[in-house]
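Using the working numbering, read the sequence shown as starting at 65 and increasing by one per residue. Using N, Cα and C, we set each Cβ at its ideal position, and we do this for glycine too.
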Amino acid sequence: MADEKTTIVDAQAQLEGKLTGKDATIHGRVKGEISLSGRLLVGEDGKVNASVAAEAVEIAGHLEGDVKAKSVTLKETARVKGRIDAQSLVVREGAWLSGPVASGEAPRETPAPKPPTPTPPPAPPRPPETPGA
Numbered sequence: 065m066a067d068e069k070t071t072i073v074d075a076q077a078q079l080e081g082k083l084t085g086k087d088a089t090i091h092g093r094v095k096g097e098i099s100l101s102g103r104l105l106v107g108e109d110g111k112v113n114a115s116v117a118a119e120a121v122e123i124a125g126h127l128e129g130d131v132k133a134k135s136v137t138l139k140e141t142a143r144v145k146g147r148i149d150a151q152s153l154v155v156r157e158g159a160w161l162s163g164p165v166a167s168g169e170a171p172r173e174t175p176a177p178k179p180p181t182p183t184p185p186p187a188p189p190r191p192p193e194t195p196g197a
């Protein structure tokens with residue numbers, strides 16, 4: 065829809081719960097869960113403590129939580145603590161990131177190699193035959 069607007073959490077606002085929609089810009093505080101079909105922008109003064117899922121995420125402020133997006137950009141002032149899972153990740157000089165990162169295309173599943181067929185143990189030696197017995 066052409067008339068869709070961006071949700072804005074201003075610098076004086078505090079939001080706790082689940083934020084859903086298309087696009088959002090956060091300059092205040094958000095705690096909980098963010099699920100967007102479009103873009104999330106966390107401004108320099110924004111403080112987010114939430115799990116985030118969006119098409120694109122751009123962080124200039126603070127974020128603590130897991131982020132799953134197609135593209136993630138950490139600006140020079142970004143401070144992020146948590147897991148990032150993104151096809152494209154840009155970390156600008158000066159940004160701080162602490163947590164595991166999965167970036168790029170997911171590896172193709174390859175079948176596990178079959179274990180080698182065990183070889184039977186050697187037969188025990190037979191006692192020597194004694195002639196005439």
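The beta strand (DSSP E) spanning Gly96 covers which residue range? Stepping through the sequence shown from its first residue, residue 96 is reached at position 32. Start and end: 93 to 100.
* Asked: Alpha carbon to alpha carbon, how far is His126 from Lys69?
  -> Translated into the one-based positions of the sequence shown, residue 126 becomes position 62. Translated into the one-based positions of the sequence shown, residue 69 becomes position 5. Note on geometry: alpha-carbon atoms of His126 and Lys69 lie some 24 Å from one another.
Inset, instruction - Would you kindly report the start and end of the unbroken beta strand (DSSP E) that includes Lys134? - result: For the purposes of this step, residue 134 is identified with residue 70 of the sequence shown, where counting begins at 1. 131 to 138 is the extent of the beta strand (DSSP E) around Lys134.
Just curious, the beta strand (DSSP E) that Thr89 is in, first and last residue? Sequence index remark: in the sequence shown, residue 89 carries index 25 (1-based). Start and end: 88 to 90.
- How is Arg198 classed by DSSP in three states: helix, strand or coil? Residue 198 lies beyond the range of the chain shown here (65 to 197); nothing can be said about it.
*asked:* Tell me which residue opens and which closes the beta strand (DSSP E) that Thr71 is part of.
replied: As a working note, residue 71 is residue 7 in the sequence shown. Taken as a continuous stretch (DSSP letters only), the beta strand (DSSP E) holding Thr71 covers 71 to 73.
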